[in-house]
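Colleague: Top line first, the protein sequences correspond to chains A and B.
For the first sequence, the positions run 1 to 410 when UniProt numbering is used.
For the second sequence, the positions run 1 to 410 when UniProt numbering is used.
Using N, Cα and C, we set each Cβ at its ideal position, and we do this for glycine too.
There are 2 protein chains.
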Amino acid sequence: MTKKNLIVGQSGGPTAVINSSLYGVVSEGIAHSDEIGEVYGMVNGIEGFLEDRILNFREALPGEQLDYLKHTPGAYLGSCRYKLPESLEDPVYPLLFEKFEEMNIGWFFYIGGNDSMDTVSKLSRYAAQTGSSIRVIGEPKTIDNDLVHTDHTPGYGSAAKYVASTVREITLDASVYEKKSVTIIEIMGRHAGWLTAASALARKYKGDNPFFIYLPESAFDTEKFLKDVESAFEKNCNVVVCVSEGIHDADGTFICEYDSSVGTDTFGHKMLAGCGKYLENLVRDRLGVKARSVELNVSQRCSASLISAADQKEAVSAGRFGVQAALNGETGKMVSFVRRQAEDGSYQMECGLEDVNLICNEEKEVPAEWITENGSDVSDEFIKYVTPLVQGSVNVPLGEDGLPVFVYRK
Amino acid sequence: MTKKNLIVGQSGGPTAVINSSLYGVVSEGIAHSDEIGEVYGMVNGIEGFLEDRILNFREALPGEQLDYLKHTPGAYLGSCRYKLPESLEDPVYPLLFEKFEEMNIGWFFYIGGNDSMDTVSKLSRYAAQTGSSIRVIGEPKTIDNDLVHTDHTPGYGSAAKYVASTVREITLDASVYEKKSVTIIEIMGRHAGWLTAASALARKYKGDNPFFIYLPESAFDTEKFLKDVESAFEKNCNVVVCVSEGIHDADGTFICEYDSSVGTDTFGHKMLAGCGKYLENLVRDRLGVKARSVELNVSQRCSASLISAADQKEAVSAGRFGVQAALNGETGKMVSFVRRQAEDGSYQMECGLEDVNLICNEEKEVPAEWITENGSDVSDEFIKYVTPLVQGSVNVPLGEDGLPVFVYRK
Numbered sequence: 001m002t003k004k005n006l007i008v009g010q011s012g013g014p015t016a017v018i019n020s021s022l023y024g025v026v027s028e029g030i031a032h033s034d035e036i037g038e039v040y041g042m043v044n045g046i047e048g049f050l051e052d053r054i055l056n057f058r059e060a061l062p063g064e065q066l067d068y069l070k071h072t073p074g075a076y077l078g079s080c081r082y083k084l085p086e087s088l089e090d091p092v093y094p095l096l097f098e099k100f101e102e103m104n105i106g107w108f109f110y111i112g113g114n115d116s117m118d119t120v121s122k123l124s125r126y127a128a129q130t131g132s133s134i135r136v137i138g139e140p141k142t143i144d145n146d147l148v149h150t151d152h153t154p155g156y157g158s159a160a161k162y163v164a165s166t167v168r169e170i171t172l173d174a175s176v177y178e179k180k181s182v183t184i185i186e187i188m189g190r191h192a193g194w195l196t197a198a199s200a201l202a203r204k205y206k207g208d209n210p211f212f213i214y215l216p217e218s219a220f221d222t223e224k225f226l227k228d229v230e231s232a233f234e235k236n237c238n239v240v241v242c243v244s245e246g247i248h249d250a251d252g253t254f255i256c257e258y259d260s261s262v263g264t265d266t267f268g269h270k271m272l273a274g275c276g277k278y279l280e281n282l283v284r285d286r287l288g289v290k291a292r293s294v295e296l297n298v299s300q301r302c303s304a305s306l307i308s309a310a311d312q313k314e315a316v317s318a319g320r321f322g323v324q325a326a327l328n329g330e331t332g333k334m335v336s337f338v339r340r341q342a343e344d345g346s347y348q349m350e351c352g353l354e355d356v357n358l359i360c361n362e363e364k365e366v367p368a369e370w371i372t373e374n375g376s377d378v379s380d381e382f383i384k385y386v387t388p389l390v391q392g393s394v395n396v397p398l399g400e401d402g403l404p405v406f407v408y409r410k
Numbered sequence: 001m002t003k004k005n006l007i008v009g010q011s012g013g014p015t016a017v018i019n020s021s022l023y024g025v026v027s028e029g030i031a032h033s034d035e036i037g038e039v040y041g042m043v044n045g046i047e048g049f050l051e052d053r054i055l056n057f058r059e060a061l062p063g064e065q066l067d068y069l070k071h072t073p074g075a076y077l078g079s080c081r082y083k084l085p086e087s088l089e090d091p092v093y094p095l096l097f098e099k100f101e102e103m104n105i106g107w108f109f110y111i112g113g114n115d116s117m118d119t120v121s122k123l124s125r126y127a128a129q130t131g132s133s134i135r136v137i138g139e140p141k142t143i144d145n146d147l148v149h150t151d152h153t154p155g156y157g158s159a160a161k162y163v164a165s166t167v168r169e170i171t172l173d174a175s176v177y178e179k180k181s182v183t184i185i186e187i188m189g190r191h192a193g194w195l196t197a198a199s200a201l202a203r204k205y206k207g208d209n210p211f212f213i214y215l216p217e218s219a220f221d222t223e224k225f226l227k228d229v230e231s232a233f234e235k236n237c238n239v240v241v242c243v244s245e246g247i248h249d250a251d252g253t254f255i256c257e258y259d260s261s262v263g264t265d266t267f268g269h270k271m272l273a274g275c276g277k278y279l280e281n282l283v284r285d286r287l288g289v290k291a292r293s294v295e296l297n298v299s300q301r302c303s304a305s306l307i308s309a310a311d312q313k314e315a316v317s318a319g320r321f322g323v324q325a326a327l328n329g330e331t332g333k334m335v336s337f338v339r340r341q342a343e344d345g346s347y348q349m350e351c352g353l354e355d356v357n358l359i360c361n362e363e364k365e366v367p368a369e370w371i372t373e374n375g376s377d378v379s380d381e382f383i384k385y386v387t388p389l390v391q392g393s394v395n396v397p398l399g400e401d402g403l404p405v406f407v408y409r410k
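Dropping the structure here:
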């Protein structure tokens, strides 16, 4: 019997370690050459696969080049935002499985967030329905950390380390003048506050900046916010505040919408500024003090220099574990992280498997008990949760140009 | 005869290595304990000194804590934006020199940009006029690299490394979808394009993104810009463009002013968005493609993880050299960098001294011959100039929290 081949794809927005998960899948696949034939990648996810855009990893990244995946940002294989049809009667399914058969695919891996797990769910259900022997496994990734049934997600630790380190640096930068100032830092995470909460780690000592941290899990009240800032001036003339991009008021209106409702550009179009810019203007206007806003932006998900070594290692493990699970006959599962305590009390992580149907289209928020009563800070329990995830740094090799060396598709 | 004491201050906006220059001055001062007594720091520059806010480095940063200055962002001593009066007849001058005498100051060091060199100029001229024996030396720093009579400035190399590395990462992040997109990256540098020019290093191969780099030294033409972007789509569906915050059109109007002239916030105030946000809206409107803008913001001057080892080393050397020069009787000078070529053709830097009066209030632009003819790129000569300045990375120690350990005033 000919050995079946493996194929892997990436989908959705990248993280700093989405390529570490890819490395885990590919290197484990190659290591099992007794059971697995070729190791393919689909270029631009399932969408590119439908257009026959694939590569063979043994040719694309020979030798140590494969190792470079571990610190390369972006999605090496390219990504897509393609949602498979709800009805498994749709003709795209037989088309896909015909292609799988032509390529003799026996193992299918998809690295992504909620939407990608939806793809894993549909393909595994179609396989079950048609009696296909193909194994379909989901590899989690998201900086938002909002997947259910897993302690955390690969990508979150590095983004959290980026946020915490950068907020610590910005706080030093924002504290050089003896003059009242407010710095608003806007952080990603969509509807979940996990990433913004990590800014609490930036504090060098109890009572340090950032004084306030506002998550989308609590309703944001602009008047209370202004009072919070004024009270902070009693302790420090330089006040740093961290806000989630998704903060909203009690009515559910996003704070960033307040600006766009009035600001227009030269073409008469609404200017979509973020909530940080809005709050910067609010502070300058109402409190009459120097204000600045900083949107941390895409570096949160693509900074190689601030990859968390713990996150990178776990992302590789998740990739490897998924391949081992598929070889053991598992399908329709997502690799999950289960937190354990070692005998000495230290953090340990084990990989597990969860039914992918219970994960797709769900969102996990920061628990209410981890947000302090006044809605402007996080608890020590959260700090205990997040600290092991940001440990260690990664040595990124530099080229002759003095810059990090990354791999990319030619 | 009692030994004279040394005092050092920091002024203007911080850089990633302004504390490395401070380390150089302080460690060299302590090393010369045969000639120099105490080593003091003024808190918040000359402004804080006038309020008697000083510290003694032997107490504030004992032992290896002093070494931590080298990777700590922000200005450890705090900063100020205080301009001394033009007239040397002003009563602030005798007041300052009385304080110097009380503290038995013999050596005065000021780390900063243009404005700080103005302070060095005035204090050294007042000293000469009154026969004071105090030696006054300026230590350069600016990420803008716009000081004259020096090959480059400490702080520029690290900011350039940050810009180049981050643009390389953002380009990978922005290239994951097979769908037309434009990413505009807005870079600091005020009226000089040195920092934006460094984004050319981000290219991994000839013809790679960023496709276009616009500096304030050339007039910006929005219609030509749109044509540039459209032509780039013939080569790559994901186009990355780097712009200086200070780009302006042929009439001298800053591009960022076009938005603020119409956008207002809920208070009826002008919303000052940057030129990146303006161009993002322009591209979306006129070309009908996905557009995003990223303002690199203050991390350009405070990222510890992307400090250039070459820049850090040179900043320390400049600090040390200034102390040696003062001990040799020099005053009214700024430490400068002179580029040499080693016998094997490699880059070498030597410290020099320049009359501070020729430096303050001047600005150095990117030479016209280093900007390519169409005004949207830089030449190979610039690449040769900047490459040695971004070499090497620095190991930043991590604490138990997994984050960089910095020193700060208690």
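(1) Throw me the rounded Cβ distance for the His71 of chain A and Val394 of chain A pair, which I believe falls under 8 Å.
(2) Assess, as a yes-or-no matter, whether the stretch 351-369 of chain B is touched by the stretch 315-335 of chain B under the definition of 3 or more beta carbon pairs within less than 8 Å.
(3) What does Gln324 of chain B pair with, by DSSP beta-bridge criteria?
(4) How would you list, in chain order, the residues of chain B whose beta-carbon sits under 7 Å from the beta-carbon of Thr166 of chain A?
(5) Would you identify the three-state DSSP class for Met103 of chain B, choosing helix, strand or coil?
(6) Could you tell me whether the Cβ of Val390 of chain B comes closer than 8 Å to any Cβ of chain A?
(7) Classify Leu77 of chain A as helix, strand or coil using the three-state DSSP reduction.
(8) When the cut-off is 8 Å and only beta carbons count, does Asp265 of chain B lie next to chain A?
(9) So which residues of chain A does Ala304 of chain B contact, with C-beta pairs closer than 7 Å?
(10) Can you list the beta strand (DSSP E) stretches of 3 or more residues lying completely in the stretch 200-278 of chain B, in chain order?
(11) May I ask you to list the residues that DSSP assigns as paired with Asn56 of chain A?
(12) Tell me which residues share the same chain as Pro14 of chain A and place their Cβ nearer than 7 Å to its Cβ, disregarding the 5 neighbours each side in the sequence.
(13) Can you list, in chain order, the residues of the stretch 182-202 of chain A whose Cβ is nearer than 7 Å to any Cβ on chain B?
(14) I need the DSSP call for Ile18 of chain B, collapsed to helix, strand or coil.
(15) Could you list which residues in chain A have their beta carbon closer than 9 Å to that of Pro14 of chain B, in chain order?
(16) Go through its chain and collect everything with a Cβ distance to Val148 of chain A's Cβ below 8 Å, but skip five positions before and after it.
(17) Residues in the stretch 358-389 of chain B with C-beta within 7 Å of chain A's C-beta atoms, listed in sequence order?
(18) Count the other C-beta atoms from every protein chain shown that fall within 10 angstroms of the C-beta of Gly263 of chain B, then say buried if there are 16 or more, exposed otherwise.
(19) Using a Cβ cut-off of 8 Å (strictly closer), state whether Lys224 of chain A contacts chain B.
(20) So, at 7 Å on beta carbons, what are the nonlocal neighbours of Thr266 of chain A in its own chain, with the 5 sequence-adjacent residues on each side left out?
(21) Measure the C-alpha to C-alpha separation of Ile105 of chain B and Glu139 of chain B and round it to an integer number of angstroms.
(22) Roughly how far, in whole angstroms, is the beta-carbon of Leu123 of chain A from the beta-carbon of Phe108 of chain A, given that I think they are within contact range, below 8 Å?
(23) Take the Cβ of Asp118 of chain B as the centre, count every other Cβ of all protein chains shown within 10 Å, and call the residue buried at 16 or more, exposed below.
(24) Quick one: give me the first and last residue of the beta strand (DSSP E) that Cys302 of chain B is part of.
(25) If you drop the 5 nearest sequence neighbours on each side, which residues of the same chain put their C-beta closer than 6 Å to that of Ile126 of chain A?
(26) Who are the near neighbours of Leu50 of chain B in its chain, counting only those whose CB is closer than 6 Å to its CB and skipping five residues on each side?
(27) Say whether the stretch 339-349 of chain A touches the stretch 40-57 of chain A, bearing in mind that this needs 3 or more beta-carbon pairs closer than 8 Å, one atom from each stretch.
(28) Does the beta carbon of residue 420 of chain B sit closer than 8 Å to a beta carbon anywhere in chain A?
(29) Can you tell me whether Gln129 of chain B is buried or exposed, with buried defined as 16 or more other CB within 10 angstroms of its CB?
(30) Flag Cys80 of chain B as yes if its beta-carbon sits less than 8 Å from any beta-carbon of chain A, otherwise no.
(31) By the three-class DSSP mapping on this structure, what secondary structure does Tyr347 of chain A have?
(32) Going along the stretch 68-79 of chain A in order, which residues come within less than 8 Å of chain B, judged by CB to CB distance?
(33) Suppose the cutoff is 8 Å on Cβ atoms and the five residues either side in sequence are ignored; what does the same chain contact list for Ile383 of chain A look like?
(34) Select from the stretch 223-248 of chain A all residues with a C-beta closer than 8 Å to any C-beta belonging to chain D, and list them in chain order.
(35) Alpha carbon to alpha carbon, what distance is there between Gln391 of chain B and Leu6 of chain A?
(36) Which first and last residues belong to the alpha helix (DSSP H) in which Ile46 of chain A is found?
Modeller: Reading off the structure:
(1) 6 Å
(2) yes
(3) According to DSSP, Gln324 of chain B bridges with nothing at all.
(4) Ser299
(5) coil
(6) yes
(7) coil
(8) Low local confidence applies: a pLDDT of 48 at Asp265 of chain B is under 50, so the model's placement there is unreliable, with the coordinate-based value given in what follows. Chain A, which has a Cβ nearer than 8 Å to the Cβ of Asp265 of chain B, makes this yes.
(9) Glu169
(10) 212-214, 238-244
(11) A:Tyr40
(12) Pro73, Gly74, Ala75, Ser79, Arg301, Cys302
(13) Leu201
(14) helix
(15) Leu172, Asp173, Val176
(16) Leu358, Ile359, Glu362, Glu363, Lys364
(17) Thr387
(18) The predicted model places Gly263 of chain B with a pLDDT of 46, which falls under 50 and marks its position as unreliable; any figure quoted below should be read in that light. So Gly263 of chain B counts as buried.
(19) no
(20) Bear in mind that the predicted position of Thr266 of chain A carries a pLDDT of just 47, short of 50, making it unreliable; the figure below should be weighed with that in mind. Cβ neighbours of Thr266 of chain A beyond the five flanking positions: none.
(21) 18 Å
(22) 7 Å
(23) buried
(24) Counting along the chain, Cys302 of chain B falls outside any beta strand (DSSP E), though it belongs to the alpha helix (DSSP H) covering 299-302.
(25) Per the sequence shown, the amino acid found at residue 126 of chain A is Tyr instead of Ile. Around Tyr126 of chain A: Leu88, Tyr93.
(26) none
(27) no
(28) This structure leaves residue 420 of chain B out entirely; chain B is present only between 1 and 410.
(29) exposed
(30) yes
(31) strand
(32) Thr72, Pro73, Gly74, Ala75, Gly78, Ser79
(33) Ala200, Leu201
(34) Among the chains of the structure shown, chain D does not appear; the protein chains present are A and B.
(35) 40 Å
(36) 45-50
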